[in-house]
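Quick notes on the structure that follows.
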Amino acid sequence: MDVAQAHHHHTEKHFGATETVRDVVIGMSDGLTVPFALAAGLTGVAAATTKLVVVAGLAEIAAGSIAMGLGGYLAAKTDCDHYASELAREMRETIELPDKERDEVADVFRGYGMTEEQIQPVVNAIASDQKQWVDFMMRFELGYSEAPDPLRARNSAATIAGSYIVGGLVPLSAYMFITDLQQALLVSVAVTLLALFVFGYVKGKLTGISPLLGALRTALIGGLASAAAFGLARWIS
0 MDVAQAHHHH TEKHFGATET VRDVVIGMSD GLTVPFALAA GLTGVAAATT
50 KLVVVAGLAE IAAGSIAMGL GGYLAAKTDC DHYASELARE MRETIELPDK
100 ERDEVADVFR GYGMTEEQIQ PVVNAIASDQ KQWVDFMMRF ELGYSEAPDP
150 LRARNSAATI AGSYIVGGLV PLSAYMFITD LQQALLVSVA VTLLALFVFG
200 YVKGKLTGIS PLLGALRTAL IGGLASAAAF GLARWIS
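Just so you know, we're using numbering that gives the first Met the number 0 here: the sequence shown kicks off at 0 and counts up by one.
Take a look at the structure:
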């Protein structure tokens, strides 16, 4: 196989669902960690029962999923609104300040070391089509490679909230089925640390970092959070 054929058959695989993965990571990591820490902390209170832990945990999951889902929605909505505002501004400036905008296009190519003679035909070609011109400015001046998905805010809110609920039910499940508080705590610790390890491993595989490192890091952070909450509740009680 010659070089041309090898180049023709070469394909690069890039993971394309980064925004969704980010939302899952935000929701799942907090869902596994915060209710886990709350349940472990309540277990350190002398008057606690498994029923109290479950009720408090479910209340926290409900409140946390709503709060985090809303946060994800507002963040994504802000991105969309900002993009629309900048797009309208660039459209207006290509009409009202064309010389300034043309010079900004030229500045992009000057940054690549091109001469004025090389730049001018390129600027003329880009500025001949307003949509192409505005798209160029959005990409190279403002850093927007593409327009935000109009459904991004809704999808982000649902993904973060759903991931938080799923993650939160993992540490709480032991208290739902085991009446002995200390035994439930031990099972919750084991199940949650395992879930954190698996989640960190999968996250590492998807994001391109060492899966084992991601797994150990995620499990360690979750374990430290629950240990701190448990110790503080025990000390207070």
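No residue lacks a Cβ here, since even glycine has one placed at the ideal position from N, Cα and C.
Proximity of residue i and residue j at Cβ, strictly below 9 Å
i, j, result
"residue 162", "residue 63", "no"
"residue 105", "residue 118", "yes"
"residue 59", "residue 167", "yes"
"residue 36", "residue 224", "yes"
"residue 172", "residue 155", "no"
Reference residue i, options the options, closest by Cα
i, options, result
"residue 20", "38, 181, 170, 157", "157"
"residue 226", "34, 175, 23, 153", "34"
"residue 129", "96, 18, 28", "96"
"residue 110", "140, 86, 127", "140"
"residue 179", "53, 88, 70, 150", "53"
"residue 174", "38, 28, 30, 69", "38"
"residue 237", "31, 18, 22, 24", "Absent from the model: residue 237. The displayed extent of the chain is 0 to 236, so no value can be given."
"residue 235", "23, 24, 36, 41", "41"
"residue 201", "148, 216, 188, 107", "216"
"residue 22", "56, 69, 51", "69"
"residue 147", "86, 61, 209", "86"
Residue i in three-state terms, based on DSSP
i, result
"residue 254", "What is shown of the chain runs 0 to 236, which leaves residue 254 out entirely."
"residue 128", "coil"
"residue 163", "helix"
"residue 44", "coil"
8 Å contact criterion, which residue i and residue j should meet: CB distance rounded
i, j, result
"residue 203", "residue 195", "Wrong, their Cβ atoms sit about 12 Å apart, outside the cutoff."
"residue 228", "residue 199", "About 20 Å separates the two Cβ atoms, so there is no contact after all."
"residue 159", "residue 67", "5 Å"
"residue 164", "residue 49", "20 Å between Cβ atoms; not a contact."
"residue 170", "residue 190", "7 Å"
Own chain partners of residue i with C-beta closer than 7 Å, once the 5 adjacent residues on each side are dropped
i, result
"residue 152", "72, 75, 76, 79"
6 Å CB neighbourhood of residue i in its chain, flanking five on each side removed
i, result
"residue 136", "89"
Cβ shell of residue i (< 8 Å), same chain only, five flanking positions each side left out
i, result
"residue 101", "122, 126"
"residue 108", "117, 118, 121, 122"
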